[in-house]
Amino acid sequence: MIFSTETKNRALKDLAKLIDENKSEIIAQNKIDLDNAKNIDPTLIDRLKVDEKKVDGMVSAVEEIISDADPQGKVLHEYTHPNGMLVQNKVVPFGNILIIYESRPDVTIEAAITAFKGGNKILLKGGKESKNSNLFLVSLWHKALEKNNIPSDFVTYLDINREETQKLLKENTHKLDLIIPRGGEGLINYIRTNTSVPLLISGRGNNFVYIHDKCDFDMAIDIVLNGKSRLSVCNAIDKVLIHKSLPNFSEKVETLVQELARLNMEILADGEQIEAINGVHKMEENVYSDEFLAAKILLGEVNNIDEAIDKINLHSGGHSAVIVASNDATAEDFQNRVDCAAVYQNASSRFTDGGQLGFGAEIAISTQKLHFRGPVATGQLVTNKWFIKGNGQIRG
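Under numbering that gives the first Met the number 0, think of the first position of the sequence shown as 0, with each following residue one higher.
Dropping the structure here:
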C-alpha cells in the first residue's frame with residue numbers, strides 16, 4: 000500500500016503533537032518501567048530513562064523527518080529503449096522491517112519514523128524492561144495513523160515472549176524483509192545465528208582516538224573528554240592511542256589522566272611511559288577488543304601511525320575512529336586506511352549520529368559495508384525496482 004508524501008507527513012505531524020500533549024503520561028509510564036528495573040545494569044537504566052528532554056527530542060526528531068525528502072518513487076535511472084519502451088529504475092520501500100532493541104523507548108519513535116517515511120511497515124520488539132513506555136508510545140502511533148486513514152499495522156508492537164520471538168526469527172512468521180537489531184553483541188549474535196532474514200547490523204562501538212606526535216594536545220584532551228561525556232552510547236571513546244614521540248609525552252599524558260580522573264574514570268595503561276603516571280592501572284589482560292560502555296578508558300602507546308591503524312583495524316567495532324593531527328596529509332592517510340564507518344580528523348566521535356551529520360532521525364548506525372555504512376536514515380531504508388512501460392513490444 001502506497002501513501003503520498005503529504006499523507007505520511009500529516010500522520011507524522013499528528014504524532015509529534017500527540018507526543019508533546021502526552022509528555023506527562025509518557026514519563027509516568029516510563030517511571031513504572033524504571034521502578035521495575037532497579038536491578039539491571041546502570042548503563043541500561045540510562046538508556047531506559049525518559050525525561051522531558053528525551054520527550055522533546057522525540058518531538059524534534061519527528062519534526063525533522065517531516066522536512067526530509069521522501070525517497071519513495073525517486074527515479075534513479077531512466078532509459079528509452081530503441082523499441083519505444085520507457086525503462087525506469089525507482090526507489091521503493093524495503094517492505095516489512097523488524098526492529099529488535101533493548102531499553103531505549105525513544106527507538107519506538109525515532110527509529111520507526113525513519114522507516115515509516117520511506118514507506119515501510121515497522122514491527123517493533125522492545126525489551127521487557129521498557130514494555131509500558133513502548134506500549135503507550137505505540138498507542139500514540141496508532142492514533143496518528145488512524146486519523147490519516149493509514150492502517151495501524153504500519154507500526155506494530157510485538158508484545159511476545161522469548162519462545163514466540165524464537166519462532167518469529169526461525170520461521171519468519173511475519174514475512175519480514177529486514178531485521179535491525181539494536182543492542183549488544185549478545186543480542187546481535189543470537190539473531191544472526193537464528194534467522195535467515197537479512198540483517199542490518201547496528202554494530203558495537205569500541206571507538207579509538209589516535210593522538211599523533213604533531214598535534215594540538217589541548218584539542219586532543221577536549222576530544223577525548225567529549226568522547227566519554229556519555230558512557231552508554233555507541234559513539235563513545237574507549238581507547239586512546241598516543242604516539243611515543245609526542246613532545247613532553249609524560250607531562251602531557253599526565254594532564255590527560257588528571258582530566259579523566261575528574262570524571263571518575265578507571266584509567267588503564269598499556270606502555271611503560273603511561274604506566275609510570277599516577278592514577279592509572281596497568282592493563283593486566285588484553286582488553287583492546289572490549290566495548291566498555293562504562294566509566295573506563297584505555298590509554299596505550301604506539302610507535303607510529305601504522306601501528307595505530309593496525310590496532311584499530313584489528314580491535315575496533317568498525318564504528319568510528321579519530322585522529323588528532325596537525326598535518327592534513329597525515330590525517331587523510333589515517334582516514335583512508337582505517338576501516339570504520341566514520342573517520343574523523345580533529346573532531347569528536349560523538350558526532351556519529353544521524354542528526355549531527357545532517358540525516359535527521361536515524362534507525363541505526365551500520366558497521367556493515369552492505370548495503371550502507373554509518374547512520375542509516377530514511378534514504379537508506381529503501382531498495383530499488385525496475386518499472387518498464389511498453390505498448391506491446393516483444394523481443395525478437
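No residue lacks a Cβ here, since even glycine has one placed at the ideal position from N, Cα and C.
How would you write the range of the alpha helix (DSSP H) that residue i sits in, first residue to last?
{"i": "Val-49", "result": "Element bounds for Val-49: n/a, residue is neither H nor E."}
{"i": "Tyr-287", "result": "Tyr-287 -> no alpha helix (DSSP H), and no H or E assigned at all."}
{"i": "Phe-248", "result": "248 to 261"}
{"i": "Ile-31", "result": "22 to 34"}
{"i": "Lys-142", "result": "130 to 146"}
{"i": "Asp-269", "result": "Unbroken run through Asp-269 is the beta strand (DSSP E), 265 to 269; no alpha helix (DSSP H)."}
{"i": "Arg-181", "result": "No alpha helix (DSSP H) holds Arg-181; the beta strand (DSSP E) holding it covers 177 to 181."}
{"i": "Leu-186", "result": "184 to 192"}
{"i": "His-314", "result": "304 to 314"}
Grab the span of the beta strand (DSSP E) containing residue i for me, first residue to last.
{"i": "Thr-155", "result": "154 to 156"}
{"i": "Ile-98", "result": "95 to 100"}
{"i": "Asn-82", "result": "Looking at the DSSP string, Asn-82 is not in any beta strand (DSSP E), and its letter there is neither H nor E."}
{"i": "Lys-124", "result": "120 to 124"}
Might you give, ordered along the chain, the residues of its own chain that have their beta carbon closer than 6 Å to the beta carbon of residue i, omitting 5 neighbours on each side?
{"i": "Ile-31", "result": "Asn-131"}
{"i": "Glu-77", "result": "Gln-87"}
Report the rounded CA-to-CA distance for residue i versus residue j, giving the unit in angstroms.
{"i": "Ser-195", "j": "Lys-169", "result": "7 Å"}
{"i": "Lys-238", "j": "Tyr-287", "result": "7 Å"}
{"i": "Ser-66", "j": "Gly-353", "result": "14 Å"}
{"i": "Gly-278", "j": "Asp-40", "result": "26 Å"}
{"i": "Pro-197", "j": "Ile-179", "result": "9 Å"}
{"i": "Glu-265", "j": "His-280", "result": "8 Å"}
{"i": "Lys-243", "j": "Asp-212", "result": "7 Å"}
{"i": "Ile-187", "j": "Arg-181", "result": "8 Å"}
{"i": "Phe-135", "j": "Tyr-189", "result": "28 Å"}
{"i": "Gln-71", "j": "Asp-332", "result": "37 Å"}
{"i": "Ala-36", "j": "Glu-101", "result": "13 Å"}
{"i": "Ile-200", "j": "Asn-312", "result": "18 Å"}
{"i": "Gln-344", "j": "Ala-111", "result": "32 Å"}
{"i": "Tyr-156", "j": "Lys-142", "result": "14 Å"}
{"i": "Phe-291", "j": "Gly-316", "result": "12 Å"}
{"i": "Asp-221", "j": "Lys-388", "result": "58 Å"}
{"i": "Asp-289", "j": "Val-106", "result": "25 Å"}
{"i": "His-314", "j": "Asp-13", "result": "45 Å"}
{"i": "Leu-144", "j": "Ser-151", "result": "6 Å"}
{"i": "Gln-257", "j": "Glu-250", "result": "11 Å"}
{"i": "Lys-384", "j": "Thr-4", "result": "19 Å"}
{"i": "Cys-339", "j": "Gly-126", "result": "29 Å"}
Do residue j and residue i count as a contact pair if the criterion is CB distance below 9 Å?
{"i": "Arg-103", "j": "Leu-47", "result": "yes"}
{"i": "Gly-185", "j": "Asn-234", "result": "no"}
{"i": "Asn-88", "j": "Leu-97", "result": "no"}
{"i": "Leu-255", "j": "Ala-307", "result": "no"}
{"i": "Ile-18", "j": "Leu-123", "result": "no"}
{"i": "Ser-268", "j": "Leu-298", "result": "Strictly speaking, residue 268 in this sequence is Ala, with Ser absent from that position. Yes. Within cutoff."}
{"i": "Thr-6", "j": "Ile-108", "result": "no"}
{"i": "Phe-93", "j": "Asn-119", "result": "yes"}
{"i": "Ile-241", "j": "Ile-210", "result": "yes"}
{"i": "Asn-29", "j": "Val-49", "result": "yes"}
{"i": "Ile-273", "j": "Val-252", "result": "yes"}
{"i": "Thr-382", "j": "Val-61", "result": "no"}
{"i": "Val-86", "j": "Phe-350", "result": "no"}
{"i": "Leu-11", "j": "Phe-115", "result": "yes"}
{"i": "Phe-216", "j": "Leu-259", "result": "no"}
{"i": "Val-323", "j": "Cys-214", "result": "yes"}
{"i": "Lys-166", "j": "Asn-95", "result": "no"}
{"i": "His-80", "j": "Gln-355", "result": "no"}
{"i": "Asp-176", "j": "Gly-117", "result": "no"}
{"i": "Asn-390", "j": "Gly-83", "result": "yes"}
{"i": "Thr-329", "j": "Ile-304", "result": "yes"}
So, for residue i: in the same chain, excluding its five sequence neighbours on each side, which residues have a beta-carbon less than 7 Å away from its beta-carbon?
{"i": "Phe-371", "result": "Ser-365 and Gln-379"}
{"i": "Val-348", "result": "Per the sequence shown, residue 348 should be read as Ser rather than Val. Asn-206, Gly-226, Asn-234, Ile-236, Ser-319 and Val-321, listed in sequence order."}
{"i": "Asn-113", "result": "It is worth fixing the name first, because residue 113 is Thr in this sequence and not Asn. Cβ within range, chain order: Ile-64, Ala-360, Glu-361, Ile-362, Ala-376, Thr-377 and Leu-380."}
{"i": "Phe-358", "result": "Pro-374 and Ala-376"}
{"i": "Ser-231", "result": "Thr-42, Asp-45, Arg-46 and Leu-292"}
{"i": "Phe-248", "result": "Gln-272"}
Quick one: residues in its chain with C-beta nearer than 8 Å to the C-beta of residue i, no 5 flanking neighbours on either side, listed in chain order?
{"i": "Leu-262", "result": "Leu-224, Lys-227 and Ala-294"}
{"i": "Ile-26", "result": "Val-49, Asp-50, Glu-51 and Val-54"}
{"i": "Ala-346", "result": "Ile-222 and Val-321"}
{"i": "Asn-160", "result": "none"}
Since residue i sits in a beta bridge, which residues does DSSP pair it with?
{"i": "Tyr-343", "result": "Val-321"}
{"i": "Ala-363", "result": "Val-375"}
{"i": "Trp-385", "result": "Asn-88"}
{"i": "Tyr-209", "result": "Leu-240 and Ile-322"}
{"i": "Ser-348", "result": "Beta-bridge pairing links Ser-348 to no other residue."}
{"i": "Gly-299", "result": "Leu-240 and Asp-269"}
{"i": "His-76", "result": "Asn-88"}
{"i": "Leu-198", "result": "Ile-178"}
{"i": "Lys-281", "result": "Ala-268"}
Given the structure, does residue i come close to the ligand SAM, in the sense that its CB is under 8 Å from one of the ligand's heavy atoms?
{"i": "Leu-14", "result": "With respect to the ligand SAM, the structure offers nothing, as it holds no ligand at all."}
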